[in-house]
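Colleague:
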Amino acid sequence: MNKKQLMKGNEALAEAAIRAGLQGYFGYPITPQSELLEYMSRELHKRGGAFVQAESEIASINMVYGAAGAGARVMTSTSSPGYSLMQEGISYIACAELPCLLVNVVRGGPGLGTIQPSQGDYFQAVKGGGHGDYKLIVLAPNSVQEMADFTYIGFDLADQYRMPVLILTDGALGQMMESVVFPEYDIEKNRTNHSSWATTGRVNGREQHVITSLHLQSEDMEKQNQILQKKYRKIEENEVRFETIQTEDADFLLVAYGLSARIAHKAVNLAREEGLKVGLLRPISLYPFPYQAIEDLSAKVSGILTVEMSAGQMVEDVRLAVNGKVPVGFYGRMGGMIPQPDEILEEIKKLYSPKRRQ
Amino acid sequence: MAKIRGHVIIKTEECKGCDLCVIECPQDSLEMSKSLNQKGYTFSILSYDTCTGCTNCALVCPEAIITVYREGKKVKATRPISKGQSV
Amino acid sequence: MNEEIIIAGFGGQGVLSMGMTLAYAGMVEDKEVIWMPSYGPEMRGGTANCIVVVSDDKVSSPIINKFDTTIILNQPSMDKFESAVKPGGNIVYEANNVMNPPTRDDAKVFKIPAAEEAKKLNNPRTMNMIILGAFLAVKPIIEISSILEALKKVLPKRHHHLIPLNEKALRLGMELVGKD
Amino acid sequence: MSEKIKDNVIESMKEVWERTKLLHDAPNHYCPGCGHGVVHRLIMEAVEELGVMDRTIAIAPVGCSVLAYNYLNVDTQQAAHGRATACATGIKRVFPDKIVFTYQGDGDLAAIGTGETIHAVNRGDKFLIVFINNGIYGMTGGQMAPTTLEGAKTSTSPDGRDVDLMGHAIRIAEMLALLPGAYYITRQAVNSAKAVRKAKKAIKKALQYQIDGKGGTCLVEVVSNCPSGWKMTPEESNKYLDDEVFDFYQLGDIKVPPKEEK
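Chains as they are written, first to last, in this note's numbering: chain D, -18 to 339; chain E, 640 to 726; chain G, 19 to 198; chain L, 56 to 317.
1) For E/I648, which residues from the same chain have a beta carbon less than 6 Å from its beta carbon, with the 5 sequence-adjacent residues on both sides left out?
2) Give a yes or no on whether the minimum CB-CB distance between D/A139 and chain L is below 8 Å.
3) Quick check for students: name the residue ranges of the alpha helix (DSSP H) that lie wholly in the segment 180 to 222 of chain L, counting only runs of 4 or more.
4) Tell me whether the segment 95 to 107 of chain D and the segment 245 to 255 of chain D touch, counting them as touching only if at least three CB pairs, one residue from each stretch, are closer than 8 Å.
5) Please identify, using Cβ separations under 7 Å, the residues of the segment 313 to 329 of chain D that lie next to chain G, in order along the chain.
6) By the DSSP assignment, the alpha helix (DSSP H) with G/G151 in it spans what residues?
7) Run through the DSSP bridge pairs and tell me what G/W53 is partnered with.
8) Please check the pair L/M108 and D/G47, which I expect to be a contact at CB under 8 Å, by giving their CB distance rounded to whole angstroms.
9) Taking the beta strand (DSSP E) that L/W72 belongs to, which residues open and close that run?
10) At 9 Å on the CB atoms, spell out the chain D contacts of L/G118, in chain order.
11) So if DSSP puts E/H646 in a beta bridge, which residue, or which two residues, is it bridged to?
12) Closer than 7 Å between beta carbons: that is the criterion. Which residues of the segment -3 to 24 of chain D meet it against chain G?
13) Quick check: is the beta carbon of L/G106 nearer than 8 Å to any beta carbon in chain D?
14) So what does DSSP say about D/P80, is it helix, strand or coil?
15) What are the boundary residues of the alpha helix (DSSP H) that includes D/F136?
16) Does any CB atom of chain L fall closer than 8 Å to the CB of E/I662?
17) So if DSSP puts L/K249 in a beta bridge, which residue, or which two residues, is it bridged to?
18) Would D/G(-10) and D/L154 be called neighbours here (beta carbons separated by less than 8 Å)?
19) Would D/I244 and G/S56 qualify as a contact pair, given that the criterion is a beta-carbon distance under 8 Å?
20) Tell me E/E670's beta-bridge partners as DSSP assigns them.
21) Using 8 Å as the Cβ pair cut-off and three pairs as the minimum, do the segment 98 to 109 of chain G and the segment 263 to 279 of chain D touch?
22) Touching or not, the segment 92 to 99 of chain L and the segment 141 to 153 of chain L, by the rule of three or more beta carbon pairs under 8 Å?
23) Is the beta carbon of D/E289 sitting closer than 8 Å to the one on D/G310?
24) Hey, D/N85 and D/A106 are a contact pair by Cβ (cut 8 Å); roughly how many whole angstroms apart?
25) Could you check where the alpha helix (DSSP H) with G/M38 kicks off and where it finishes?
26) Report yes if the C-beta distance between D/M44 and D/C81 is below 8 Å; otherwise report no.
27) Please report the straight-line C-alpha distance between L/F186 and E/C664, rounded to a whole angstrom.
28) Which residues in chain D have a C-beta closer than 8 Å to the C-beta of G/M54? List them in chain order.
29) Please check if any C-beta of chain L sits within less than 8 Å of the C-beta of D/L66.
30) Mapping the DSSP letters down to three states, classify E/Q724 as helix, strand or coil.
31) My parser needs the beta strand (DSSP E) runs of 3 or more residues fully inside the segment 17 to 52 of chain D; what are they?
32) Please list, in chain order, the chain D residues whose beta carbon lies closer than 8 Å to that of G/A102.
33) Taking the straight line between their C-alpha atoms, what separation do you get for E/S725 and L/K69?
34) Helix or strand or just coil, what does DSSP make of L/V277?
35) Return the chain-ordered ranges of every alpha helix (DSSP H) run that is complete within the segment 91 to 127 of chain D and spans a minimum of 4 residues.
36) Whole angstroms are fine: how far does the CA of D/G317 sit from the CA of D/T95?
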């Protein structure tokens, strides 16, 4: 049953979501995530879920709000301009503490931009995105396998913390095919029963349930904010995810996530072939960000290079983690251009110093 | 004149004095108070014993604070009469 | 074994499906594979290309700018990707659709009259399989049997009766290598 | 009349009308004479009489009725401005057995949320839209709405709505009735006891269609007043409805279901 399949990232994510017990999908076509929507339109009805092609991303996210509020396991997916349109709704969902899965298959911006892959939505993803003080758990896969794996994890985290989880990926990962194995997943065991707060109708005359993000009294609004912040502190303690590659003896560190991390990995190999002791740290959860892990490694290396498909967004978090202890360089391409391994190697050589700090 | 006798009870403290029940009453049984309630509104009161319990006042009342009673057989309630409701 | 390939041509030549067949076949042989298409407006009638990596080990970057083999099916793609082949690599190209042969002298060049041969098979759409066969003769990284297995995945069921024809095309392609 | 007399009188009488239990026992925050209170009551009466409280979900809009859940004692979701119908679609598609209604004003439904409204109805999503049309933005202080009548003065049409500059009043119900997904569309009022009785019937009928799983979206438009926004007394506002507004927004059924099969 769980055999290897060759699939596009977008399709693997969709299939994983259905296997995770998805009850409702609401989306709108936009390149390069449309395969996800198409896959859902083919499969979800057959397998017991509801599929709606909405009239806009705004409608999509508010359908998610409604269905999540009624206690269903639901999701939407889009790409950058569509994700911008969803921000108001996501802010509502975050405040109302509704679990759901969001997917942004990022393309190059700003504006209508390009349909080619990018990581230019990092700030929007990890710093909130819409109005008000809120966060999403943000997971960044870097392979088709992880597109599937993180979908299961995303739904479970969303349920556990009653909040939206965002899978931040990009056009290349969405479009490319790799082999994927779908893990066993017990829907009944993993899907949380939300009947203690969801709007289901006042079953047996129980007290009214209200889903709202409105708290007209400032005291109440602050209280709601404190609840959210407390939750975020807990997440920062428990849900940091990252991967390190050849960092044990490294005297220079690359930091990259998602597709960039795959490319940076190749750059590490190229550097090692030339005798440069380079390692890679890949943040997997972009929120919560692995500040501590980067801080710890920064004490051992002579320099850090952050690689992104953007003008330099995550690098700000890397610098926060390093706090001036070692130089943090940046290399990025924008607007759908992708950094090449040899370009990264060139940058490494500019900054590299073999002096390992101890 | 009225063949059916009726009566209303108005939660006057929740009345906002919109006057609509007084206008709607076909028997002119209601009128607005001269004094104010705690919210600062004049409020409607049943002043004349001409009420037939037609429920018009209650139907137009935006605050839903009028309870209507009636005697006689031609009772056509807008909803089932609740049991055990103390007044 | 780690083979990095780009296949480039125009939409309708079967560029993407050729790459996908190769990737599936790699998976049939339990190799690590990546298929990365160019996507977007160029898919709709313009130029199209895909990158395929077949490897014994986990593949790091799917983003590659130097290839072991470039498979070129039209002139614009030749102009763009001739320089992308690694020194010592292979350029396999379709004879009829490419006017100006490559000038790289540090790469092995294979000119395959696939379009002409496909006509002889009474099915111009077999051109991509002829080219794929030629590539496999140049770089025998995958068994033909795996390719045939992969075709069952890539072709919709209603076209499965065409698999024998595709096999014929593949074998024809293999024979064409070294004949020019 | 003293309290003593009252008690004596009541003893011999039956209660024929009381506040439904599905309204919270709390005063509403609406202005004196505002139609919202009446419509809230009618919907809750209908839900109670139909016995579907245990599966009813209300969607509150943004506008004066944003706090509707403080009055409607049923499970409620408060939606983003204009998105109540999208929210309802989300619920109804995943949980078709729930009884779902949105409660929206004209700013919410006919301006910022026009797209969501049209597409929900066009999909024929099987929920009820209760549309309160008072031709003005009440909550934000009386600005012009899409439904404001030509010539009407508001805080953003101080000299009266000039259709050349500001466009025309929009008859959303007629527009929606053109869509095949619309099942039952009616325009009602609550400015008289007679009108209230009719409006109640319409709401109940629409909910019954939903309970029966009948195909399509139902919309009950209630042409209502805004005494504060119109700068009128409640009495004047109700009279204005009769004298002016109903000429443009004619009351009655706009689209009725095809004759039910026997």
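No residue lacks a Cβ here, since even glycine has one placed at the ideal position from N, Cα and C. In this text the structure is predicted, and so the values were computed from the model without any measurement.
Modeller: Put simply:
1) Counted from its first residue, the second sequence places residue 648 of chain E at position 9. Close CB contacts of E/I648 within its chain, under the 6 Å cut and outside five residues either way in sequence, are with T706 (chain order).
2) Position 158 of the first sequence, counted from the start, is the residue given in the question as residue 139 of chain D. Closer than 8 Å to the CB of D/A139 there is not a single CB belonging to chain L.
3) Listed in chain order, they are 218 to 221.
4) Touching, no, given that fewer than three Cβ pairs across the two stretches are closer than 8 Å.
5) The residues in question are I319, Q321, P322.
6) Along the third sequence, one-based indexing puts residue 151 of chain G at 133. It spans 145 to 156 - the alpha helix (DSSP H) in which G/G151 sits, taken as one unbroken run.
7) Counting from one through the third sequence, the residue named residue 53 of chain G turns up at place 35. Looking at the DSSP assignment, G/W53 forms a beta bridge with D/M158, G/V70.
8) Residue 108 of chain L sits at position 53 when you count from the first residue of the fourth sequence. Residue 47 of chain D sits at position 66 when you count from the first residue of the first sequence. With a Cβ gap of about 19 Å, L/M108 and D/G47 do not count as contacting.
9) For the purposes of this step, residue 72 of chain L is taken as the residue at position 17 of the fourth sequence. Membership of L/W72 in the beta strand (DSSP E) is indicated by the continuous run 69 to 72.
10) Mapped onto the fourth sequence, residue 118 of chain L falls at position 63. Residues of chain D passing the Cβ test: none, with the nearest at roughly 12 Å.
11) As a position in the second sequence, residue 646 of chain E is number 7, starting the count at 1. When beta bridges are read from the DSSP output, E/H646 appears opposite E/Y708.
12) Going along the segment -3 to 24 of chain D in chain order, one finds T12, P13 with a Cβ nearer than 7 Å to chain G.
13) In the fourth sequence, the residue the question calls residue 106 of chain L occupies position 51. By this cut-off, L/G106 is not an interface position.
14) Translated into positions along the first sequence, residue 80 of chain D becomes position 99. Note: D/P80 maps to coil in three-state DSSP.
15) Indexing the first sequence from 1 puts residue 136 of chain D at position 155. It spans 125 to 142 - the alpha helix (DSSP H) in which D/F136 sits, taken as one unbroken run.
16) As a working mapping, residue 662 of chain E is identified with position 23 in the second sequence. Chain L places a beta carbon closer than 8 Å to that of E/I662, counting this residue as a contact.
17) Taking the first residue of the fourth sequence as position 1, residue 249 of chain L is located at position 194. Per DSSP, none; premise fails for L/K249.
18) Counting from 1 along the first sequence, the entry for residue -10 of chain D is found at position 9. Counting from 1 along the first sequence, the entry for residue 154 of chain D is found at position 173. It is a contact, given that the beta carbons lie within the stated cut-off.
19) The sequence position of residue 244 of chain D within the first sequence is 263, counting from 1. The sequence position of residue 56 of chain G within the third sequence is 38, counting from 1. Taking 8 Å as the Cβ cut-off, D/I244 and G/S56 do not qualify as a contacting pair.
20) As a working mapping, residue 670 of chain E is identified with position 31 in the second sequence. Bridge partners of E/E670 according to DSSP: E/I684.
21) Two segments are said to touch when three or more pairs of C-beta atoms, one from each, lie closer than 8 Å; by this definition the segment 98 to 109 of chain G does not touch the segment 263 to 279 of chain D.
22) They do not touch, by the three-pair rule.
23) Indexing the first sequence from 1 puts residue 289 of chain D at position 308. Indexing the first sequence from 1 puts residue 310 of chain D at position 329. With contacts defined as CB atoms closer than 8 Å, D/E289 and D/G310 fail to qualify as a contacting pair.
24) For the purposes of this step, residue 85 of chain D is identified with residue 104 of the first sequence, where counting begins at 1. For the purposes of this step, residue 106 of chain D is identified with residue 125 of the first sequence, where counting begins at 1. Correct: roughly 7 Å between the Cβ atoms.
25) Counting from one through the third sequence, the residue named residue 38 of chain G turns up at place 20. G/M38 -> alpha helix (DSSP H) spans 33 to 46.
26) As a working mapping, residue 44 of chain D is identified with position 63 in the first sequence. As a working mapping, residue 81 of chain D is identified with position 100 in the first sequence. Not closer than 8 Å, so no.
27) As a first step, residue 186 of chain L is located in the fourth sequence; it is residue number 131 there, counting from the start. As a first step, residue 664 of chain E is located in the second sequence; it is residue number 25 there, counting from the start. So the alpha carbons of these two residues sit roughly 27 Å apart.
28) As a working note, residue 54 of chain G is residue 36 in the third sequence. The contacting residues are A153, Q156, M157, M158.
29) By one-based count along the first sequence, residue 66 of chain D stands at place 85. Under the 8 Å criterion on CB atoms, D/L66 is classed as non-interfacial with respect to chain L.
30) On the second sequence, position 85 is the one that residue 724 of chain E refers to. Low confidence applies here, because E/Q724 scores a pLDDT of 37, under 50, leaving its location unreliable; read the following figure in that light. Residue state, collapsed to three classes: coil.
31) The qualifying runs are 31 to 34.
32) Here residue 102 of chain G refers to the residue found at position 84 of the third sequence. None at all; the shortest Cβ gap to chain D is about 11 Å.
33) For the purposes of this step, residue 725 of chain E is taken as residue 86 along the second sequence, with counting starting at 1. For the purposes of this step, residue 69 of chain L is taken as residue 14 along the fourth sequence, with counting starting at 1. With a pLDDT of only 35 at E/S725, under 50, the local geometry of the prediction cannot be trusted, and the value read off the model is given with reservation. Straight-line Cα distance between these residues: approximately 11 Å.
34) Here residue 277 of chain L refers to the residue found at position 222 of the fourth sequence. L/V277: strand per DSSP, three-state reduction.
35) Runs of the alpha helix (DSSP H) inside the segment 91 to 127 of chain D: 103 to 107.
36) Residue mapping note: residue 95 of chain D aligns to position 114 of the first sequence, counting from 1. Residue mapping note: residue 317 of chain D aligns to position 336 of the first sequence, counting from 1. Approximately 6 Å, taken between the alpha carbons.
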